[in-house]
Ligand SMILES: [Zn+2]
């Protein structure tokens, strides 16, 4: 029997089951019919964060950032491009710590930017400080 993975839709946040061998094709959400992968990070907030962290079988890489943080703004285009390279084995997401201080507090984010990688609800890796594109992709692949 084919193993299936839980993939949370980036648009409507419903959990989809995708056979592992079909993951590379991307595919569309069973509910909203939009693509499950968009080659861009998704914005997470208090309403959808728990679902993406907890219900996803693929690693979730979260960029904790803030609009006033210059290194965060510097890393943003690199993080955006990295999504195209790291999907669909990994989902990239962003949390604006100014808009969502509760999420930042829950995970003890003390400096930004901080990247935190989650798998099935657990933190598996963390890295503080801005990285360029190649370093970011290399680090992410080494941790997932
Ligand atoms: Zn959907």
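Residue numbers (my numbering): 21 to 164.
Virtual Cβ for every residue (Gly too), placed ideally from N, Cα, C.
This structure is a prediction, so every number in the text was calculated from the model and none was measured.
Residues that DSSP places opposite residue i in a beta bridge
i	result
residue 85	116
residue 36	27
residue 62	113
residue 55	48
residue 139	142
residue 148	134
Pairwise C-alpha distance: residue j and residue i
i	j	result
residue 136	residue 80	8 Å
residue 78	residue 48	16 Å
residue 127	residue 54	31 Å
residue 33	residue 72	8 Å
residue 112	residue 61	5 Å
residue 105	residue 160	11 Å
residue 118	residue 85	8 Å
residue 50	residue 97	30 Å
residue 139	residue 76	7 Å
residue 123	residue 145	17 Å
residue 133	residue 94	10 Å
residue 156	residue 143	17 Å
residue 52	residue 164	28 Å
residue 125	residue 66	12 Å
Interface flag, residue i vs chain D, CB-CB below 8 Å
i	result
residue 128	Reference to chain D is not applicable here, since this structure consists of a single protein chain.
inquiry  = Which complete beta strand (DSSP E) runs does the region 93–137 hold, if anything under 3 residues is left out?
reply    = DSSP runs (the beta strand (DSSP E)) wholly in the region 93–137: 110–116.
query = Which residues, in chain order, sit with a beta-carbon under 6 Å away from any heavy atom of ligand 1?
reply = With the cut-off at 6 Å, the residues found are 29, 31, 32, 34, 49, 51, 52, 54.
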